[in-house]
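Chains as they are written, first to last, in our numbering: chain A, 1 to 79; chain B, 1001 to 1237.
Every residue gets a Cβ at the ideal spot worked out from N, C-alpha and C, and that includes glycine.
Here's the structure, in structure tokens; my notes come after.
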Amino acid sequence: MRARVFVTLKPSVFDPQGKTIADALHSLGYGGVEDVRQGKYFELDLATAEAAQAKKLAAEVADKLLANPVIESYRIEVE
Amino acid sequence: MKFGVVVFPGSNCDHDAYHATKHVLGQDAEFLWHKDTDLKGSDVLILPGGFSYGDYLRTGAIARFSPIMRDVQAFAARGGPVLGICNGFQILLEAGLLPGAMLRNRSVKFVCAHVNIRVEQTDTPFTCAARKGQVLRIPIAHGEGNYFATPDVLAKLEANRQVIFRYTTPYGEMTDDANPNGSVNNIAGLCNDARNVVGLMPHPERACESALGSADGLVILESAVQSIRDRVLVARA
């Protein structure tokens, strides 16, 4: 199965890169883009064919390595 | 006494730390490869600056799982003095040996400059030879030194006097202009609960000889020597 892990900064954490991208978009005339938050995206190819197991494994590696729980949270999709 | 300098793939201040401790301070020093599981009798450990594992994923995130980190954790748990400089500080944060995390500098730029840091506390193995309130001129070189901690962790750090260095003006005033990266409360360095593990973003090992522009960093490494010497004297008494 494939798991997709989306890691984002928690809402309370300032994102200097997202802010810079938002500023750049504003200077390009995209005033309608109110805010940008930058995150990370991982695709994990997993040996299992069971969705529940895939989700559990992806959550385990996200907790252990992919995300830093002090500043980041994550969301998982499996297919 | 002996300094152990841990070398991760991508460390690039390991030789500076070795030079400062061995040739400037005249102490014994040895490199410790990250795959080693032997601290070779080190009295003090330095996790040097650099870009361990290319800063992939997050700074320090992969290095914290290097085999030697188990021994570093055990050494720290026994009360052994551990100093994390720049990337070494980031590794200590990722390893949970120090609280909080690093964000990208608020300017989103890599900042390479001499800054002033004020010594906040002198009851650690890396500040015991300094004076409280002493301002040190030491270089920084980092893109991710914007220290972050949640409000409850921050309150605990301040209440426990775990903030060891703050960015200030040359006169020791804590201003926003003197903060090079946006760190909360101008934090440049901190220690753990037990006060034996210290991390800081500035590079004391690059400021140990006046020919290099500043020798203010020397007091941090001399503190380590003094703390070990005092411990030996106490043990003998």
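Tell me, please, whether the CB atom of residue i is closer than 7 angstroms to any CB atom in chain B?
{"i": "Gln53(A)", "result": "no"}
{"i": "Val70(A)", "result": "yes"}
{"i": "Gln17(A)", "result": "yes"}
{"i": "Thr48(A)", "result": "no"}
{"i": "Thr20(A)", "result": "yes"}
Is the beta carbon of residue i less than 7 angstroms from the beta carbon of residue j?
{"i": "Leu9(A)", "j": "Glu79(A)", "result": "no"}
{"i": "Tyr1053(B)", "j": "Gly1010(B)", "result": "yes"}
{"i": "Met1(A)", "j": "Ala67(A)", "result": "no"}
{"i": "Ala1207(B)", "j": "Ser1214(B)", "result": "yes"}
{"i": "Ile1238(B)", "j": "Ala1063(B)", "result": "There is no way to answer for residue 1238(B), as the model of chain B reaches only from 1001 to 1237."}
{"i": "Thr1037(B)", "j": "Pro1081(B)", "result": "no"}
{"i": "Gly1217(B)", "j": "Ile1138(B)", "result": "yes"}
{"i": "Gly1041(B)", "j": "Asn1012(B)", "result": "no"}
{"i": "Leu1246(B)", "j": "Gly1060(B)", "result": "The structure shown does not extend to residue 1246(B), since chain B is modelled only from 1001 through 1237, so no value can be given for it."}
{"i": "Ile1228(B)", "j": "Asp1043(B)", "result": "yes"}
{"i": "Asp35(A)", "j": "Ala24(A)", "result": "no"}
{"i": "Ala1017(B)", "j": "Glu1205(B)", "result": "yes"}
{"i": "Arg1106(B)", "j": "Pro16(A)", "result": "yes"}
{"i": "Val1108(B)", "j": "Thr48(A)", "result": "no"}
{"i": "Ala1130(B)", "j": "Val1234(B)", "result": "no"}
{"i": "Pro1180(B)", "j": "Val1135(B)", "result": "no"}
What is the C-beta distance between residue i and residue j, in whole angstroms, given that I count them as a contact (C-beta under 8 angstroms)?
{"i": "Gly1172(B)", "j": "Arg1118(B)", "result": "5 angstroms"}
{"i": "Leu1047(B)", "j": "Val1006(B)", "result": "5 angstroms"}
{"i": "Lys1002(B)", "j": "Ala1029(B)", "result": "7 angstroms"}
{"i": "Val7(A)", "j": "Lys56(A)", "result": "Contact doesn't hold; Cβ gap of about 17 angstroms is too wide."}
{"i": "Leu1025(B)", "j": "Leu1221(B)", "result": "6 angstroms"}
{"i": "Asn1116(B)", "j": "Thr1169(B)", "result": "6 angstroms"}
{"i": "Leu1045(B)", "j": "Phe1075(B)", "result": "6 angstroms"}
{"i": "Arg4(A)", "j": "Glu43(A)", "result": "6 angstroms"}
{"i": "Asn1185(B)", "j": "Leu1154(B)", "result": "7 angstroms"}
Got a sec: is the Cβ-Cβ distance from residue i to anything in chain A below 7 angstroms?
{"i": "Val1219(B)", "result": "no"}
{"i": "Arg1104(B)", "result": "yes"}
{"i": "Arg1078(B)", "result": "no"}
{"i": "Val1119(B)", "result": "no"}
{"i": "Val1108(B)", "result": "yes"}
{"i": "Ala1224(B)", "result": "no"}
{"i": "Arg1058(B)", "result": "yes"}
{"i": "Ala1270(B)", "result": "Because chain B spans 1001 through 1237 in this model, residue 1270(B) falls outside it and cannot be assessed."}
Can you tell me whether residue i sits near the ligand MN, meaning its C-beta is under 6 angstroms from at least one heavy atom of the ligand?
{"i": "Arg1118(B)", "result": "Inclusion of the ligand MN in the displayed structure is not the case, the ligand content being empty and no account of it being possible."}
Residue i CB to nearest chain C CB: under 7 angstroms?
{"i": "Pro1139(B)", "result": "No chain C appears in this structure, whose protein chains are A and B."}
Item to check | Touching by the beta-carbon criterion (3+ pairs, under 8 angstroms), the segment 1150-1166 of chain B and the segment 1113-1132 of chain B | outcome: Yes: at least three Cβ pairs fall under 8 angstroms.
Next on the checklist: My parser needs the alpha helix (DSSP H) runs of 4 or more residues fully inside the segment 1022-1093 of chain B; what are they?
Outcome noted: As far as the segment 1022-1093 of chain B is concerned, its whole alpha helix (DSSP H) runs of at least 4 residues are 1068-1077.
Next on the checklist: Assess contact between the segment 1193-1213 of chain B and the segment 1139-1152 of chain B, defined as three or more Cβ pairs (one per stretch) separated by less than 8 angstroms. Is contact present?
Outcome noted: Segments in contact, yes.
Checklist entry - Is it a yes or a no for the segment 1098-1113 of chain B touching the segment 1149-1157 of chain B, going by three-plus beta-carbon pairs under 8 angstroms? => result These segments touch.
Checklist entry - Are the segment 1084-1098 of chain B and the segment 1184-1194 of chain B touching, with three or more C-beta to C-beta distances below 8 angstroms? => result Short answer: they touch.
Checklist entry - Can you list, in chain order, the stretches of the alpha helix (DSSP H) that have 4 or more residues and sit fully within the segment 1138-1180 of chain B? => result Qualifying alpha helix (DSSP H) stretches, in chain order: 1151-1159.
Checklist entry - Which runs of the alpha helix (DSSP H), 4 residues or longer, sit entirely within the segment 28-79 of chain A? => result Those alpha helix (DSSP H) runs which fall completely within the segment 28-79 of chain A and span 4+ residues are 51-61.
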